[in-house]
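As structure tokens, the structure follows; a few thoughts come after it.
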Amino acid sequence: MAYKTVLAVTGADLGDGDLKLAIALCEEAGAHLAVLVVGLAAPPPIGEYAAFVSQDWLSERQADMDILQTRAAAVTALLASSGVSSDVSSEYAEEGAADDVIGRRARYCDLLFVGPELLSRGVLKTKTVEGGLFSSGKPLLLAPEGTSPTLKPKRILIAWDSRIEASNAVSHARDLLAAADDVRIVLVDPLVGEDGQGEEPGADLAAYLARHGVKVTVDRLSSQGRTVDETLRQHAVDTAAELMVMGAYGHSRLRERIFGGVTQSVIDDTPLPILMAR
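For the sequence shown, our numbering gives the first residue as 306, with consecutive numbering after it.
Next up, the structure:
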């Protein structure tokens, strides 16, 4: 699919680094940039002291909203000076509902961009990633610190586990894959058989992508005692990949939070940009 609208989320107290990366992506792709400036509202006071602190709470909310509007105006000025087609909106969202707010806004874009500044913020990062993945149906492009995200990568790694989430990620990335010079389907400790990843793991996906003009090879890797995410990260470095394409949360968010999982580990520690979908 062509990326004609890119959504970038920023906080009221974040800098312009993520936005400058998003502007460069949109210039590269000829895309429209939509920016959502999000402020997270503290929950209202409860209990026997609520009456005494409510005025302070209301004053704090008003101050937060003033800061949010000031930030939105600064973002508007930055985008106007860039020359890219753009629009800016802002939301002062209750923390518990922020993921739904972001997800609803992301339904009207082709790609949700999450830059390094946002990835360094715990709550807003989590709300953005989960809102994008669970409430929008659209892919995310995560760009960690020190990387150069591009919508024209030449070397792409597909983290393939035959799940529907991985299939959806590949579908969202199909145009990028077709334009790349080197696409590697990477399977870690694949299981052979009908209940696993086929009689020749990776072959079905390779044939499907080849029919779309993708120049593809299959790498079947042994973890050799490492975790799946460690194996993927090392292979991405070894092959100089510019982008990893992967599905997200094959297990529930609760299970991944309690026991850990590939999705959360890769989000928290990746050496390259990731296009992720569910």
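C-beta: ideal position from N, C-alpha, C; glycine also.
May I have the straight-line CA-CA distance separating residue i from residue j, to the nearest angstrom?
i: D500; j: D509; result: 14 Å
i: R525; j: R538; result: 14 Å
i: G320; j: R516; result: 43 Å
i: G498; j: D480; result: 30 Å
i: D341; j: A398; result: First, the amino acid is wrong: residue 341 is Leu here, not Asp. Cα to Cα, the separation comes out at about 12 Å.
i: R468; j: M551; result: 10 Å
i: D405; j: D573; result: 22 Å
i: D323; j: E504; result: 43 Å
i: V491; j: A474; result: 14 Å
i: A346; j: E450; result: 27 Å
i: L496; j: S386; result: 53 Å
i: M549; j: T381; result: 31 Å
i: K430; j: L424; result: 5 Å
i: P348; j: E400; result: 7 Å
i: S453; j: E365; result: 38 Å
i: V523; j: V343; result: 41 Å
Terminal residues of the continuous beta strand (DSSP E) containing residue i?
i: G278; result: Because residue 278 is not part of the residues shown, which for the chain are 306 to 583, the question remains open.
i: A262; result: Shown here, the chain extends from 306 to 583; a query on residue 262 therefore has no answer.
i: R479; result: Here R479 belongs to no beta strand (DSSP E); instead the alpha helix (DSSP H) covers 479-484.
i: G316; result: 310-316
i: E399; result: 391-399
By DSSP, does residue i sit in helix, in strand, or in coil?
i: E505; result: coil
i: R560; result: Here the model assigns R560 a pLDDT of 45, short of 50, so the residue's position is not dependable and the matter cannot be decided.
i: D371; result: helix
i: D415; result: coil
i: T544; result: coil
i: A377; result: helix
i: L261; result: Outside the shown range of the chain, which is 306 to 583, sits residue 261, and nothing can be said about it.
i: V533; result: helix
i: D487; result: strand
i: D524; result: strand
i: V460; result: It is Arg, not Val, that sits at residue 460 in the sequence shown. If DSSP states are grouped into helix, strand and coil, R460 belongs with the strands.
i: V519; result: coil
i: L492; result: strand
i: A307; result: coil
i: G498; result: strand
i: A346; result: strand
i: S364; result: helix
i: D466; result: coil
Tell me whether residue i is buried or exposed, calling it buried when 16 or more other Cβ atoms sit within 10 Å of its Cβ.
i: P576; result: exposed
i: T568; result: buried
i: T532; result: exposed
i: V542; result: exposed
i: A545; result: exposed
i: T315; result: buried
i: S395; result: buried
i: Q529; result: exposed
First and last residue of the alpha helix (DSSP H) that includes residue i?
i: D573; result: 567-573
i: T433; result: 427-440
i: D323; result: 322-334
i: L446; result: Per DSSP, L446 belongs to no alpha helix (DSSP H); it is in the beta strand (DSSP E), 445-447.
i: L423; result: 421-424
The ligand HEM heavy atoms versus the CB of residue i: any closer than 7 Å?
i: K325; result: With respect to the ligand HEM, the structure shown offers nothing to examine, as it has no ligands at all.
| task | Report yes or no: do the stretch 403-413 and the stretch 431-442 share at least 3 C-beta pairs separated by less than 8 Å? | result | Output reads yes: the stretch 431-442 touches the stretch 403-413.
| request: Would you check if the stretch 443-460 and the stretch 471-485 touch, i.e. whether three or more CB-CB distances between them fall below 8 Å? | output: A contact exists between the stretch 471-485 and the stretch 443-460.
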